[in-house]
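In the working numbering, the protein residues as written are 63 to 205.
Some notes on the structure that comes next.
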Amino acid sequence: MPILQLKRTFICQLPHGVDLLDELTAIVKREDIRMGRLSAIGATINATVAFYDQNTQTYNPLEFPGGMEILSLTGNISVRDGSPFVHAHIVLGDKEGKAFGGHLMKGTTVYALEVFIEEYEGDWLERKQDPLTGLYLWSGGKF
Ligand code: ZN
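Right, here's the structure in full:
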């Protein structure tokens, strides 16, 4: 089990109109963050999330057109195919306060976003496809 220490913390806002997942990925690649976590709040212009169907082992996209609150965005950063990779889940709220969410996909446009990104140093974890679940899970880090 890797032991990690906090190395750097970034706090930033993302620009209006950018793709949320693409922009987070660009930041972690630019800063070469190989192990980390992120959390954010804000709002979307439109959103695309996915539900992982365990029977078919496929991600089924869900679209949320129109403005939504980002009640919570949380995720981690590790390595996949040799590069920093963001895995994030998002909870969205509508005008009535109803919440929806899922696995963050490309196709989510930022209205405004305030994000903390924590980088850890130590042994980083790499994602490999897991034959049982079909998911790209950490190949180490098990108890
Ligand atoms: Zn996920």
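Cβ coordinates follow ideal geometry from the N, Cα and C atoms, glycine included.
Give me the Cα-Cα distance between Gln119 and Gly196, rounded to the nearest whole angstrom.
Here residue 119 is taken as the residue at index 57 of the sequence shown, counted from 1. Here residue 196 is taken as the residue at index 134 of the sequence shown, counted from 1. Rounded to whole angstroms, Gln119 to Gly196 spans 6 Å at the Cα level.
Let me confirm a value: His78 is counted as buried when at least 16 other C-beta atoms fall within 10 Å, else exposed. Which label applies?
In the sequence shown, the residue the question calls residue 78 occupies position 16. Exposed.
For a test of the three-state rule: what should DSSP assign to Thr118, helix, strand or coil?
For the purposes of this step, residue 118 is identified with residue 56 of the sequence shown, where counting begins at 1. Coil, per DSSP.
Roughly how many angstroms separate the alpha carbons of Glu180 and Phe162, rounded to a whole number?
By 1-based counting over the sequence shown, the position of residue 180 is 118. By 1-based counting over the sequence shown, the position of residue 162 is 100. About 26 Å.
To which residues of the same chain is Arg99 closer than 6 Å at the C-beta, ignoring the five residues directly before and after it?
Residue 99 sits at position 37 when you count from the first residue of the sequence shown. Once the five neighbours on either side are set aside, the close Cβ partners of Arg99 are Asn138 and Glu180.
Just checking His206 against the ligand ZN - is the residue's beta carbon closer than 7 Å to any of the ligand's heavy atoms?
One cannot answer for residue 206 here, as it falls past the ends of the chain, which runs 63 to 205.
Do Ile132 and Ile152 have their C-beta atoms closer together than 8 Å?
As a position in the sequence shown, residue 132 is number 70, starting the count at 1. As a position in the sequence shown, residue 152 is number 90, starting the count at 1. Cβ atoms of Ile132 and Ile152: closer than 8 Å.
Specify, as a first and last residue, the run of the beta strand (DSSP E) that Glu181 falls within.
Residue mapping note: residue 181 aligns to position 119 of the sequence shown, counting from 1. Taken as a continuous stretch (DSSP letters only), the beta strand (DSSP E) holding Glu181 covers Thr171 to Gly184.
Based on the DSSP secondary-structure assignment, which residues constitute the bridge partners of Ala150?
As a position in the sequence shown, residue 150 is number 88, starting the count at 1. Gly137.
I'd like to check one pair, Thr136 with Leu82: are the Cβ atoms closer than 8 Å?
Looking up residue 82 in the sequence shown gives position 20. Looking up residue 136 in the sequence shown gives position 74. In this structure, Thr136 does not lie closer than 8 Å to Leu82 by Cβ.
In three-state DSSP terms, what is Thr87?
Within the sequence shown, the letter at position 25 stands for residue 87. Helix, per DSSP.
Sort Met130, Asp192, Glu188 and Glu125 by Cα distance to Met167 and report the nearest one.
Indexing the sequence shown from 1 puts residue 167 at position 105. Of Met130, Asp192, Glu188 and Glu125, the residue nearest in Cα terms is Glu125.
Starting from the C-beta of Glu176, find all residues in its chain whose C-beta is less than 7 Å away, skip the five residues before and the five after it, and write them out in chain order.
As a first step, residue 176 is located in the sequence shown; it is residue number 114 there, counting from the start. Once the five neighbours on either side are set aside, the close Cβ partners of Glu176 are Gln75, Ala102, Ile103 and Gly104.
Secondary structure at Arg142, three-state DSSP: helix, strand or coil?
Locating residue 142 in the sequence shown gives position 80, where the first residue counts as 1. DSSP places Arg142 in strand when its eight states are reduced to three.
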